[in-house]
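What follows is one structure encoded as structure tokens, with my remarks underneath.
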Amino acid sequence: MTIEVKTSTQGTSGFAMLTRNEWEMAMESERHAFYFWNLRDPLKPKLAIVSSETMLNHMPQDQGMGQWDCTKVPFSAFTEQFASLDRNKSPI
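Residues 1 to 92 in full-length UniProt numbering are what the sequence shown spells out, letter by letter.
In structure tokens form, the structure reads like this:
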């Protein structure tokens, strides 16, 4: 399993920058997850674990002669998936 971690101190107002290389690595992995950490309140971090399949809905496509290198995905796209963590338990 491979994991890409993104964090934001702006909460769901923040964005994750994702490079083409990061995306291609995710696509090459049999099992990949994106961990989005909402650290707006550092004493109560929230985590959204997002699959590559879900992330695909937010990814750009190459068109014509254009090719993307980096994209910006809003944390708000995963608002429903964020969960507060019990510091004594594993999120997995």
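Glycine residues also receive a C-beta, built at the ideal position from the N, C-alpha and C atoms.
It should be emphasised that the depicted structure is a prediction, and the values quoted were computed from it without experimental measurement.
For residue i and residue j, I'd like the C-alpha separation in whole angstroms.
i   : j   : result
M27 : S52 : 7 Å
E24 : Q61 : 12 Å
L85 : F78 : 16 Å
R40 : G64 : 39 Å
V5  : G66 : 27 Å
E30 : L56 : 15 Å
F15 : S76 : 8 Å
H58 : Y35 : 15 Å
If you count every other CB in all the chains shown that lies within 10 Å of the CB of residue i, and 16 or more means buried, which is it?
i   : result
K46 : buried
V73 : buried
A83 : exposed
V50 : buried
M17 : exposed
M1  : exposed
Using DSSP bridges, identify the partner residues of residue i.
i           : result
A33         : I3, S51
Q63         : G66
T12         : None; T12 has no bridge partner.
P74         : F15
residue 104 : Because the chain is modelled from 1 through 92, residue 104 falls outside the range shown and cannot be assessed.
N38         : S8, K46
Give the C-beta separation of residue i and residue j to the nearest angstrom, bearing in mind that I take them to be a contact with Cβ-Cβ under 8 Å.
i  : j   : result
M7 : W37 : In the sequence on display, residue 7 carries Thr and not Met. Rounded, the Cβ-Cβ distance is 4 Å, consistent with contact.
T9 : D69 : About 25 Å; that fails the 8 Å criterion.
I3 : A48 : Wrong, their Cβ atoms sit about 13 Å apart, outside the cutoff.
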